[in-house]
Every structure is written in structure tokens, then in C-alpha cells.
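Colleague: Its first residue numbered 12, the sequence shown is counted upward by one per residue in the numbering used here. Note that beta-carbon positions come from the ideal geometry of N, C-alpha and C, so glycine has one too. Right, I'll just put the structure down here and ask away after.
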Amino acid sequence: MKFITILGARPQFIKAAPVSRELRKHHTEQIVHTGQHYDQNMSDIFFEELNIPTPDFNLEIGSSSHGKQTGRMLERIEEILLSETPDYVLVYGDTNSTLAGALAACKLHIPVVHVEAGLRSFNKQMPEEINRIMTDHVSEYLFCPTQTAVKNLENENVNAKIINVGDVMYDAVEYNRQLAESQSDILKKQQIEANSYHLITVHRAENTDDPTKLANILQAFAQIEEIKVWPLHPRTKNKISDYGLDLSSIQNLKIIEPVGYLDMLKLETNAKKILTDSGGVQKEAYFVQVPCVTMREQTEWVETLEDEANTLVGTDTAEIVRAVLKEVKPSYKPYFGSANAAEKIVGKLK
Ligand code: UD1
Ligand code: UDP
Numbered sequence: 012m013k014f015i016t017i018l019g020a021r022p023q024f025i026k027a028a029p030v031s032r033e034l035r036k037h038h039t040e041q042i043v044h045t046g047q048h049y050d051q052n053m054s055d056i057f058f059e060e061l062n063i064p065t066p067d068f069n070l071e072i073g074s075s076s077h078g079k080q081t082g083r084m085l086e087r088i089e090e091i092l093l094s095e096t097p098d099y100v101l102v103y104g105d106t107n108s109t110l111a112g113a114l115a116a117c118k119l120h121i122p123v124v125h126v127e128a129g130l131r132s133f134n135k136q137m138p139e140e141i142n143r144i145m146t147d148h149v150s151e152y153l154f155c156p157t158q159t160a161v162k163n164l165e166n167e168n169v170n171a172k173i174i175n176v177g178d179v180m181y182d183a184v185e186y187n188r189q190l191a192e193s194q195s196d197i198l199k200k201q202q203i204e205a206n207s208y209h210l211i212t213v214h215r216a217e218n219t220d221d222p223t224k225l226a227n228i229l230q231a232f233a234q235i236e237e238i239k240v241w242p243l244h245p246r247t248k249n250k251i252s253d254y255g256l257d258l259s260s261i262q263n264l265k266i267i268e269p270v271g272y273l274d275m276l277k278l279e280t281n282a283k284k285i286l287t288d289s290g291g292v293q294k295e296a297y298f299v300q301v302p303c304v305t306m307r308e309q310t311e312w313v314e315t316l317e318d319e320a321n322t323l324v325g326t327d328t329a330e331i332v333r334a335v336l337k338e339v340k341p342s343y344k345p346y347f348g349s350a351n352a353a354e355k356i357v358g359k360l361k
């Protein structure tokens, strides 16, 4: 069978790596890169490091408003689907690239396979929530990472094949963990010791597009004395500059460019705590068993909240600081499967 996989943003490259590897053992796959992420360290680095096959098509759509970006993708993806006539279209997660791929395919009656289906924050202010709901409701196969995701879909009476296969990001972590430990020299490069720093990521629109929230978050970082390492997402970098916010007065803050996956895994594994608003990073913190502080009001990954493995703090300065300083001793459970999600997905598709 012939699959066309639609990718566009950093977390999708990481999710696709294990699935593409497995899929190509049995099927034909073509990759369409929408170009939603395009900087070398937001895109190419992952294809190189994770041996993801070079995209057959790069649409080079780039950044713009939601409507423009999604619309342009839709138009171009439709052309490709019409000329390539795949049996299935495979999409990941909840970005604008996911929605464009799913919409283009379903209107042409090509069955859509959605990996990482069923996640909900129940906050429709998030662009990702709209993308997920729409994609889930037009897909034929919904591969869920958790039982909670299955329940969410059942509650919405989604008419599709709903299967819990575990989390493909767990596959990626397990596959690359040793490699990251032995090959990444990021700690040396940044002159930091294992367990001596907190790792930060911030990029959610709800945080970065609100100057008060972003300022509150920075205020919290200023009140945390320990070393903080922060690979800065381009969106956040732009917003900090637009709002004229000052990072130079925050002591012990190491701002670095976005890093590749192996460096990121090494930074995560060796951190004291991880402070984030990322979906993927919350899960990775759980997989590598490093306590997480999530600067959001809701999380889709509710399992991680059990036993204080992850603490939801929103963007209140004092709450963030309190959670980072609090000592926690979580235990971790196998909510995300057994790191063989890709194999299960391809097995089901066979
Ligand atoms: C997107 C996804 C989000 C996901 C995130 C992963 C949507 C609606 N959002 O958010 O769900 O969590 O990717 O990182 O699909 N930029 C660059 N270089 C790049 C890419 C982006 O400079 O290679 C800058 C541009 O200024 C752009 C901004 O980042 O306007 C935002 O990029 P965009 O892809 O629109 O959204 P993300 O915030 O990255
Ligand atoms: N990531 C990375 N380098 C970075 C920051 C994140 O490789 O500098 C990886 C991270 O390990 C995870 C994924 O990117 O696998 C998460 O993507 P992101 O936070 O951009 O998006 P989200 O998961 O919130 O959609």
C-alpha cells in the first residue's frame, strides 16, 4: 500500500522517525514537508540525526497567520494527493500541517490515519485543540497514545477505528537514549554538570503572545537562583524582542539556540527539573523520570500529573517558583505503553 505522510513542525519529525522506519518495511511511503518549520535547527537537523528519509515534496509554506498558512498547505497538498493517489494519508499530532493534511485527504476520500489521536485540553482557545478535534473527526484510523485519549474519542462518539498503541514519542526516546548519552557533548559545551541545572522550553501561543504572561514567566526565572538552560524557540525569541523584555538581568540563565534531538534528550535526562509548556517535553520528562513543571492552565497529558511527576502551575510567578523549589519523589507508571507504538501501528494497518 502507498502512504503519504504529511509533516511540518519539529515534534512531527520526531514522531515520524520510528513510524517511517517501521512503515517502510512493509509499505511505500512518500513524505510531504509543508515547510511550517524551516530553520536548520527546527527542521533539517532532525531529518539528519534521526535518519528520516528526505521529503519527496517540500512545500516551503513558511510562517504566516493561521488561515493563510493552513490554506496554502491545503491547496498544495491537494495537488500532490491528486497526482500521487496514495491509499492512505498519515498525519501526526495537532499542528496546522496536521489539519491541512487531514482536510485535503478526507475531501478526496483518501482515508486519514491520525497518530497521537484523542488528546484534549478542553480549551478551544488553543489552535492545537481545534486542529486535533477536526483531524480526529475526519480520520479513519485513530491511533491513541493513552487510554485517556481513547475515552475522549469515545465521549465524542467519533466514528472511526480507535486503537491505543502507546506513545510514539516513547519509542523515539527509548531508541535514542543511549545514543544521546554517549554522543551528545552538550553538557560539556555549555560547561554544566549533570543534575546542576533546570531545563526550560517555552513556545505556546497562549504564553508567548501575551506580554504579561511572558513577563511573569521571566520574572519566575529571575527568582530561581540555580542554573537554567533554555533552548529558545524562534517564536519566543521574536516575542521577547517585540515586547522589549530583558533577559540579561536573569542570573545563571543560559540562552541557547534550539538544539537537536540527541542534545535535547541529554539535557532532559540530566536536568534537576524541566520547566516547559511543550506537549512533547512534558511526556519526555515523564519517560526519563525527571520532575516537570508545566507553565500552562491545562495539560492533555493528565497521567503525568499523578504523584507530582508533573505540576501544572499556569503563569503565576510565585506558583512557578514554588513548584520548582519543591522536592518531589514521584513514581512512574506505564501509562504510555511499551515503546513499541510504531510496530503496533504498522501491524494494525497491515
Ligand atoms: C507550532 C504548532 C504548535 C507546536 C509547535 C512546535 C500550530 C498552530 N502550532 O507552533 O502546536 O507545538 O509548532 O514547535 O501549528 N519560526 C521561525 N523559524 C522556524 C519556524 C518558526 O523563525 O523554522 C518563527 C516564525 O516567526 C513564526 C513563529 O516562529 O511566525 C511561529 O511558528 P509557527 O509554526 O506558526 O508556530 P509554532 O509556535 O512554531
Ligand atoms: N526539542 C528539541 N530541541 C529543542 C526543543 C525541543 O529537539 O530545542 C524536541 C523535544 O525533545 C520534543 C519535541 O521537540 O521531542 C517537542 O517539540 P515542541 O516543544 O516544539 O512542540 P510540542 O510538543 O509542544 O508540540
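For the pair the stretch 277 to 294 and the stretch 208 to 217, tell me if three or more CB-CB distances fall below 8 Å.
Modeller: Contact between the stretch 277 to 294 and the stretch 208 to 217 is present, because at least three Cβ pairs lie under 8 Å.
Colleague: Nearest to residue 65 by CA position, among 236, 87, 85 and 40, is which residue?
Modeller: Taking the first residue of the sequence shown as 1, we reach residue 65 at position 54. Closest by alpha carbon: 40.
Colleague: Could you compute how far the alpha carbon of residue 140 sits from the alpha carbon of residue 133?
Modeller: To locate residue 140, count along the sequence shown from 1; it is residue 129. To locate residue 133, count along the sequence shown from 1; it is residue 122. Near 7 Å, if we compare the C-alpha coordinates of residue 133 and residue 140.
Colleague: Run the CB neighbour count on residue 342, radius 10 Å, all protein chains shown included, and call it buried at 16 or more, exposed below.
Modeller: Residue numbering aside, residue 342 sits at position 331 when the sequence shown is read from its first letter. Result: exposed.
Colleague: Is residue 295 a contact residue of the ligand UDP, with contact defined as CB to any heavy atom under 7 Å?
Modeller: Position 284 of the sequence shown, counting from 1, holds the residue named residue 295. Under cutoff, so the answer is yes.
Colleague: Is the stretch 314 to 331 touching the stretch 263 to 282, taking contact as three or more C-beta pairs under 8 Å?
Modeller: Because the criterion of three Cβ pairs below 8 Å is not met, the stretch 314 to 331 and the stretch 263 to 282 do not touch.
Colleague: Counting only the same chain and skipping the five closest in sequence on each side, list residues whose C-beta sits under 6 Å from that of residue 300.
Modeller: Residue mapping note: residue 300 aligns to position 289 of the sequence shown, counting from 1. Around residue 300: 343.
Colleague: Which residue or residues does DSSP assign as beta-bridge partners of residue 285?
Modeller: Mapped onto the sequence shown, residue 285 falls at position 274. In the DSSP output, where bridge partners are listed per residue, residue 285 has 210 and 303.
Colleague: Cα-Cα, which of 310, 304 and 18 is closest to residue 339?
Modeller: Here the question's residue 339 lines up with position 328 in the sequence shown. Selected option, being the one with the closest Cα: 304.
Colleague: Sort 16, 217 and 347 by Cα distance to residue 184 and report the nearest one.
Modeller: Counting from 1 along the sequence shown, the entry for residue 184 is found at position 173. It is 347.
Colleague: Quick one: using the 10 Å Cβ neighbour count with 16 as the cut-off for buried, is residue 223 buried or exposed?
Modeller: As a first step, residue 223 must be located in the sequence shown, where it is residue number 212. Exposed is the call here.
Colleague: DSSP state of residue 347, grouped into three classes?
Modeller: For the purposes of this step, residue 347 is identified with residue 336 of the sequence shown, where counting begins at 1. Residue 347: coil per DSSP, three-state reduction.
Colleague: So does the stretch 80 to 97 actually touch the stretch 53 to 62, counting three or more Cβ pairs closer than 8 Å?
Modeller: Short answer: they don't touch.
Colleague: If you run the structure through DSSP and keep just helix, strand and coil, what is residue 133?
Modeller: For this step, residue 133 is matched to residue 122 along the sequence shown. If DSSP states are grouped into helix, strand and coil, residue 133 belongs with coil.
Colleague: Where does residue 16 fall in DSSP's three states?
Modeller: What you label residue 16 is simply residue 5 of the sequence shown in a count that begins at 1. Reduced to three states, the DSSP call for residue 16 is strand.
Colleague: Please report the distance separating the alpha-carbon of residue 113 from that of residue 166.
Modeller: Taking the sequence shown and counting its residues from 1, one reaches residue 113 at position 102. Taking the sequence shown and counting its residues from 1, one reaches residue 166 at position 155. Whole-angstrom Cα-Cα distance: 21 Å.
Colleague: Is any heavy atom of the ligand UD1 found at a distance shorter than 7 Å from the C-beta of residue 20?
Modeller: Here residue 20 is taken as the residue at index 9 of the sequence shown, counted from 1. Yes, since a heavy atom of the ligand UD1 falls inside the 7 Å radius drawn around the Cβ of residue 20.
Colleague: Taking only the alpha-carbon atoms, compute the straight-line gap between residue 324 and residue 332 and give it to the nearest angstrom.
Modeller: Translated into positions along the sequence shown, residue 324 becomes position 313. Translated into positions along the sequence shown, residue 332 becomes position 321. So the alpha carbons of these two residues sit roughly 9 Å apart.
Colleague: Kindly identify the DSSP beta-bridge partner or partners of residue 125.
Modeller: Residue mapping note: residue 125 aligns to position 114 of the sequence shown, counting from 1. DSSP lists 102 and 153 as partners of residue 125.
Colleague: For chain D, check one thing: does any of its Cβ atoms lie closer than 8 Å to the Cβ of residue 55?
Modeller: Absent here is chain D; the protein component of the structure consists of one chain.
Colleague: For the putative contact between residue 56 and residue 271, defined by C-beta atoms under 8 Å, what is the C-beta separation to the nearest angstrom?
Modeller: Residue numbering aside, residue 56 sits at position 45 when the sequence shown is read from its first letter. Residue numbering aside, residue 271 sits at position 260 when the sequence shown is read from its first letter. Indeed, because the Cβ distance is near 4 Å, the residues count as touching under 8 Å.
Colleague: Determine whether the beta carbon atoms of residue 250 and residue 212 lie at a separation below 8 Å.
Modeller: On the sequence shown, residue 250 is found 239 positions in, with the first residue counted as 1. On the sequence shown, residue 212 is found 201 positions in, with the first residue counted as 1. Against a cut-off of 8 Å, the Cβ pair of residue 212 and residue 250 comes out as no contact.
Colleague: With a CB to CB cut of under 6 Å and the five nearest residues on each side skipped, what residues in its chain are close to residue 267?
Modeller: For the purposes of this step, residue 267 is identified with residue 256 of the sequence shown, where counting begins at 1. So the qualifying residues of the chain are 242.
Colleague: Hey, how far is the Cα of residue 246 from the Cα of residue 214?
Modeller: Start at 1 with the first residue of the sequence shown, and residue 246 comes out as number 235. Start at 1 with the first residue of the sequence shown, and residue 214 comes out as number 203. Cα to Cα, the separation comes out at about 6 Å.
Colleague: Hey, is residue 50 close to the ligand UD1, as in C-beta under 7 Å from one of its heavy atoms?
Modeller: Counted from its first residue, the sequence shown places residue 50 at position 39. Under cutoff, so the answer is yes.
Colleague: In whole angstroms, what separates the C-alpha of residue 123 from that of residue 264?
Modeller: Residue 123 sits at position 112 when you count from the first residue of the sequence shown. Residue 264 sits at position 253 when you count from the first residue of the sequence shown. Using only the alpha carbons, I get a separation of about 43 Å.
Colleague: Here's the rule I'm using: 16 or more other beta-carbon atoms within 10 Å means buried, otherwise exposed. How should residue 97 be labelled?
Modeller: Stepping through the sequence shown from its first residue, residue 97 is reached at position 86. Under this definition residue 97 is a buried residue.
Colleague: Return helix, strand or coil for residue 321, following the three-state DSSP convention.
Modeller: If you number the sequence shown from 1, residue 321 lands on position 310. Strand at residue 321.
Colleague: Beta-carbon within less than 7 Å of residue 186's beta-carbon, same chain only, minus the 5 sequence neighbours each way: which residues are those?
Modeller: Translated into the one-based positions of the sequence shown, residue 186 becomes position 175. These residues qualify, in order along the chain: 29.
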